[in-house]
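This report concerns only the one structure given below.
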Amino acid sequence: MSDKKFDIDEGWSSAKENKFTKMVNETRTDREKFKADKVRKTSEIEVNKQLSDEELSELEKSSMLDPLTGLLNFKAFFKKLDYELRRAKRYKRPLSLMLVQLDNLEGSKRQYGAMIEEELLKSATQTLKACIRDIDFPGRGDGPYLLVVFPETYSSKAMVVAERMRERLTTHNISKDLRHLRVTASIGVVSFPTHARDEHDLFALALEYANHAQSQGGDRVYNG
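Just so you know, the sequence shown maps onto residues 1 to 224 in the UniProt record's numbering.
Written out as structure tokens, the structure reads:
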């Protein structure tokens with residue numbers, strides 16, 4: 001009787017030990033699996049974070065550029081103008097703004113088709129880049145015109161660049177098929193602090209001056 005009781009007790013004890021051992025092993029396995037999953041997920045997060053940063057950088061860059069000209073788009077350009085103007089005010093330095101408006105776009109579109117506007121803007125962009133310095137900031141407006149911020153530049157110096165731009169446009173060949181098309185521009189030039197002290201006023205005045213130049217027959221530079 002006692003042997004049978006011993007066998008039962010021993011069996012029960014053995015069963016409890018096996019169950020406990022199984023629980024310990026399962027817990028250890030779950031812990032190791034959790035650690036492995038954590039390492040894997042951490043690695044995935046790091047990789048995804050790196051990809052996201054790279055993608056974000058490209059997205060931010062692409063969102064700042066005009067797809068046609070490759071210049072700063074109007075929103076990004078205006079932010080740059082605001083920044084440079086605040087810097088000019090802080091250090092009491094000059095700043096100039098140039099607005100280049102192509103002449104007779106509507107006539108060109110009637111003669112050559114709507115796509116000619118894009119060709120003219122791309123051609124004007126090439127000419128513009130060849131006329132300005134590395135420290136200047138070109139951009140495209142929200143219409144068929146181009147803009148440039150000239151840091152550390154008085155109006156007289158910006159006028160020299162504007163005249164150079166105007167002259168080169170008239171001799172620049174857009175393409176072989178359009179070599180007979182003569183391109184001209186009306187250019188407005190304003191400066192801080194001579195003409196205005198606010199970025200909105202500077203832009204509005206530059207546009208007004210370009211329109212005035214156009215109303216006088218175009219192919220000219222005007223700065224008030």
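We put the beta carbon where it would ideally sit given N, CA and C, even for glycine.
Taking C-alpha positions only, Glu208 is separated from Glu199 by approximately 14 Å. The UniProt domain "GGDEF" (93-224) is shown to contain whole alpha helix (DSSP H) runs of 4 or more residues at 105-112, 116-131, 155-171, 199-215, in chain order. For the 8 Å CB-CB criterion, Gly218 and Thr170 do not form a contact. When DSSP states are grouped into helix, strand and coil, Leu65 belongs to the strand group.
Val149 is positioned such that its CB atom lies closer than 8 Å to that of Leu95.
Residues of the same chain with a CB within less than 8 Å of the CB of Lys129, apart from the 5 flanking positions on each side, are Pro138 in chain order.
For the pair Met165 and Ile187, the CB atoms are nearer than the 8 Å cut-off. The three-state reading of DSSP puts Leu85 in helix, counting H, G and I together.
Just so you know, the alpha carbons of Cys131 and Arg93 end up roughly 22 Å apart. With respect to the 8 Å criterion, Thr125 and Leu71 are classified as neighbours on the basis of their beta carbons.
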